[in-house]
Amino acid sequence: MAYIILPLIGVGMACVSCSEEDNTVDEWADWQKKNDSYWNSLYSETQQRISSGDNSWRVLTVWSKDEKYELKTTDRIIVHVLNEGKGTEQPLYTDTVRVHYVGWLIPSASYAGGYQFDKSYSDDSFDTETSIPAKGALSGFTDGFATALLNMHQGDHWRIYVPYTLGYGANVHGSIPAYSTLIFEVTLASFWHPGTRVPEWSAKPAPFFGD
Numbered sequence: 622m623a624y625i626i627l628p629l630i631g632v633g634m635a636c637v638s639c640s641e642e643d644n645t646v647d648e649w650a651d652w653q654k655k656n657d658s659y660w661n662s663l664y665s666e667t668q669q670r671i672s673s674g675d676n677s678w679r680v681l682t683v684w685s686k687d688e689k690y691e692l693k694t695t696d697r698i699i700v701h702v703l704n705e706g707k708g709t710e711q712p713l714y715t716d717t718v719r720v721h722y723v724g725w726l727i728p729s730a731s732y733a734g735g736y737q738f739d740k741s742y743s744d745d746s747f748d749t750e751t752s753i754p755a756k757g758a759l760s761g762f763t764d765g766f767a768t769a770l771l772n773m774h775q776g777d778h779w780r781i782y783v784p785y786t787l788g789y790g791a792n793v794h795g796s797i798p799a800y801s802t803l804i805f806e807v808t809l810a811s812f813w814h815p816g817t818r819v820p821e822w823s824a825k826p827a828p829f830f831g832d
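Counting in the working numbering, the sequence shown tops out at residue 832, every number present.
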């Protein structure tokens, strides 16, 4: 499984043990069970939204598996399309991409909105016009994150939900505990095929791919 190569901004995990002496919180108590429950509920709700005709919600099979095989719900990611870009092509697995993103976990003991473990933005404005998107090889991302990018067009702004099986699984990764569902808001800024020079990025939109 590939791993996200974007730098993790979160430098430390929240308290991971409970002690009467220091009154800390067991931040990730029953974490696998909570993430399983969260994913199963979200998947069911998403299927209901899709069945009711809400085209802004999608379920995408991980890029590395074929639909002809028996797949689990955790072989898929969930996507909520927040805005559609003007791009007409999609990146390839061998491409280099630039993306704006924020990543966080499901709600936990101390983080009602979910612990934010990473972001590409330099401040909290989350403005794609003034921020420089992160650059990376698409093949270097986790399977779940890569699956989303392979289905996006330039300028698309999505919220994606990645089950831990398509993220870091049973492994701790930086400030991300094991068995963590990963949630991202992602904008695909641009992408380049192998052998194409990737230009430096200034804090303004780049030309659309192919222009």
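Even glycine gets a Cβ: it sits at the ideal position worked out from N, Cα and C.
How big is the Cα-Cα spacing for residue i and residue j?
| i | j | result |
| --- | --- | --- |
| residue 830 | residue 821 | Model confidence at residue 830 stands at a pLDDT of 44, short of 50, so the residue's coordinates are unreliable; what they give is reported in the following sentence. In a straight line, the C-alpha of residue 830 is about 15 Å away from that of residue 821. |
| residue 774 | residue 677 | 15 Å |
| residue 776 | residue 813 | 14 Å |
| residue 669 | residue 655 | 21 Å |
| residue 729 | residue 736 | 7 Å |
| residue 749 | residue 721 | 7 Å |
| residue 758 | residue 680 | 24 Å |
| residue 647 | residue 726 | 15 Å |
| residue 738 | residue 770 | 20 Å |
| residue 751 | residue 740 | 14 Å |
| residue 823 | residue 803 | 29 Å |
Quick check on the DSSP output: the beta strand (DSSP E) that includes residue i runs from which residue to which?
| i | result |
| --- | --- |
| residue 787 | Taken as a continuous stretch (DSSP letters only), residue 787 belongs to no beta strand (DSSP E), as it is neither H nor E. |
| residue 688 | It is not in any beta strand (DSSP E) - residue 688 carries neither H nor E in the DSSP assignment. |
| residue 804 | 803-813 |
| residue 844 | Nothing about residue 844 can be read from this structure; the chain reaches only from 622 to 832. |
Pull up the CB-CB distance for residue i and residue j, whole angstroms please, since I reckon it's below 8 Å.
| i | j | result |
| --- | --- | --- |
| residue 782 | residue 801 | Not really, about 12 Å apart at Cβ, beyond 8 Å. |
| residue 790 | residue 698 | At roughly 14 Å, the Cβ-Cβ gap does not stay under 8 Å, so residue 790 and residue 698 are not in contact. |
| residue 718 | residue 809 | 7 Å |
| residue 767 | residue 714 | 7 Å |
| residue 798 | residue 652 | 6 Å |
Which stretch, first to last residue, makes up the alpha helix (DSSP H) that contains residue i?
| i | result |
| --- | --- |
| residue 671 | 652-672 |
For residue i, which residues in the same chain have their Cβ closer than 8 Å to its Cβ, ignoring the five residues on either side in sequence?
| i | result |
| --- | --- |
| residue 688 | 682 |
| residue 685 | 764 |
| residue 746 | 752 |
Note down, in chain order, each residue of its chain lying with its Cβ closer than 7 Å to the Cβ of residue i, except the 5 sequence neighbours on either side.
| i | result |
| --- | --- |
| residue 779 | 700, 701, 702, 703, 769, 773, 807 |
| residue 667 | 678, 680, 699 |
query = At which residue ranges does the segment 698-777 contain complete beta strand (DSSP E) runs of 3 or more residues, listed in the order of the chain?
reply = 717-725, 737-740, 755-758
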